[in-house]
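In our numbering, the protein residues as written are 3 to 205.
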Ligand code: TYD
């Protein structure tokens, strides 16, 4: 059995990542791939706790935040990602370790260190679809869909800092896509670029 593929969608809040991930997963399934869709923070106990703390405005230090996200990822990798990869499936995840690099990096931690530690602990993604967008456009999208701008994670200066770290990460597994386009145009571009990377013969 061939090992599957790990494809992560990344970007700042409001970049359109979740919509595009869903469309990509459908397109990949229709093209005959065995796709599993997942995401972080997870829907398991640790991920739920992270969301609760974000909602209630619980103040965590950057280091505590880092620990929570890493712990959530450990369980995610062990229970969902690894088994699916071992079964030859395409794992499409809404956020993975580059989110920790960018978000906790923007909280003041050493992002190169988080990146190095993550790459040594967790499976490397075969591909990261990184949706890049101006933070003010992203915030406008969050507001227009009636979203609440959550404390800490979704404020403008903070999202600017997150976007800056995303821009600074230099890895060959990253496919950067300018996300200020229609959902249809983006969908087509993402599918073409992923397929171009993996080649037509890959199962
Ligand atoms: P998000 O993708 O918005 O999840 P949902 O739409 O299901 O609420 O992620 C929640 C927030 O968590 C988001 O603002 C980014 C942040 N985050 C980190 O700060 N570090 C991480 O490692 C991850 C995975 C997410």
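Quick reminder that beta carbons are idealized off the backbone N, C-alpha and C, glycines included.
Here the structure is a predicted model, which means the values were calculated and not measured.
Please say whether residue j and residue i have beta carbons closer to each other than 8 angstroms?
i           : j           : result
residue 139 : residue 182 : yes
residue 171 : residue 195 : no
residue 167 : residue 124 : no
residue 41  : residue 134 : no
residue 104 : residue 137 : no
residue 193 : residue 26  : yes
residue 93  : residue 83  : yes
residue 16  : residue 173 : no
residue 86  : residue 38  : yes
In the DSSP assignment, find the unbroken alpha helix (DSSP H) run with residue i in it and report its ends.
i           : result
residue 193 : 185-200
residue 179 : Run containing residue 179: none in the alpha helix (DSSP H); it sits in the beta strand (DSSP E), 176-180.
residue 164 : 158-170
residue 139 : 137-146
residue 126 : It is not in any alpha helix (DSSP H) - residue 126 carries neither H nor E in the DSSP assignment.
residue 84  : 84-88
Reducing DSSP to helix, strand and coil, say where residue i ends up.
i           : result
residue 15  : coil
residue 69  : helix
residue 21  : helix
residue 8   : strand
residue 205 : Unreliable positioning characterises residue 205 in this predicted model, as indicated by a pLDDT of 49, which lies under 50. A coordinate reading is not provided.
residue 60  : coil
residue 95  : strand
residue 102 : helix
residue 119 : helix
residue 55  : helix
For residue i, report the span of its beta strand (DSSP E) as first-last.
i           : result
residue 111 : No beta strand (DSSP E) contains residue 111, which DSSP labels as neither H nor E.
residue 41  : 37-41
residue 134 : 129-134
For the ligand TYD, any of its heavy atoms closer than 7 angstroms to the Cβ of residue i?
i           : result
residue 15  : yes
residue 97  : yes
residue 53  : yes
residue 101 : yes
residue 127 : no
residue 66  : no
residue 47  : no
residue 207 : This structure cannot settle anything about residue 207, because the visible part of the chain is limited to 3 through 205.
residue 137 : no
Beta-carbon of residue i versus every beta-carbon of chain D: anything under 8 angstroms?
i           : result
residue 191 : Although the question refers to chain D, the structure presented lacks it and comprises just one protein chain.
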